[in-house]
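Each remark here refers to the structure printed beneath this line.
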Amino acid sequence: MPKPVVPEEKRRRRRPTKSGTVLSERLIVETALRMLREHALDADPSTLYRYFRGMDDLVLAIGDALIGRALEGWEPTGEWRADLREVGLRIHGAYVSHPQAAVLTTSRVTGRANELAADEAVLDILRTAGLPLPDTVRVYHAFIDQTLAFAALDAASLALPSASLRADEDMWRSTYARLPSGTYPRIAEAAPLLATRMVTSAYPTALEMLLDSVAAQLAA
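Take 1 as the starting number for the sequence shown in UniProt numbering and just add one per residue.
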């Protein structure tokens, strides 16, 4: 049975560790993000369990921290399309800036403060824009899942070893660019554009398509 976790202010160490560091939940999460970015997380479980119920609890805290970073400093403008675009790009960007952490957390539901704040913000943008409640929930679902799905896809690529990532990107300029037009006419005609487009994230394009759909619904 996991140990109960007490509030942060009550479990903060008053004395520094042997290295002189005063531990806290936030410090552990920040350190985990940094270490995940370096492809490793090597910590004594007895230390983690003082602050978290286990590694899964730490993963949820990391996910919530990424969302918090995404929304830091953001304020709604009242223009629904600009606001929804900004929130989406911020969340996507926060995850792909920590690829290893994103791979672990994009599929999780944390139920923590930052995630709740993001959900409330998106729902408020859509309701204020004038969508009925059922449509608000439908668009919210598509918006959140699309953002996290692209974050997971893009992060998985960025988390690859550099040589593997370069090999994948070069495939569009080598194999695809040299396919015979007689056998693959559509690929052949699109090859130069594919070589440029396919090595970037499709999220901004997909996001604009979703926003166009919402705008058309509001206009109707």
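Here a beta-carbon is modelled for each residue, glycine too, at the ideal position from N, C-alpha and C.
In this structure, Tyr203 places its C-beta atom within 9 Å of the C-beta atom of Asp154. Runs of the beta strand (DSSP E) lying entirely within the UniProt domain "Tetracycline repressor TetR C-terminal" (75-217), each at least 3 residues long, are absent.
Ala70 carries a helical assignment under DSSP once its states are collapsed to helix, strand and coil.
Taking a 10 Å sphere around the C-beta of Glu189, we find fewer than 16 other C-beta atoms and assign the residue as exposed. Taking each of Leu58, Glu79, Leu89 in turn and checking the Cα distance to Leu71, the smallest one comes out for Leu89.
Taking the C-beta atoms as reference points, Glu115 is found nearer than 9 Å to Ile67.
Taking C-beta separations shorter than 7 Å and ignoring five residues to either side along the sequence, Gly111 has no partners in its chain. Judged by their CB atoms, Phe150 and Leu210 are not nearer to each other than the 9 Å cut-off. Here the C-alpha atom of Glu169 lies approximately 11 Å from the C-alpha atom of Thr175.
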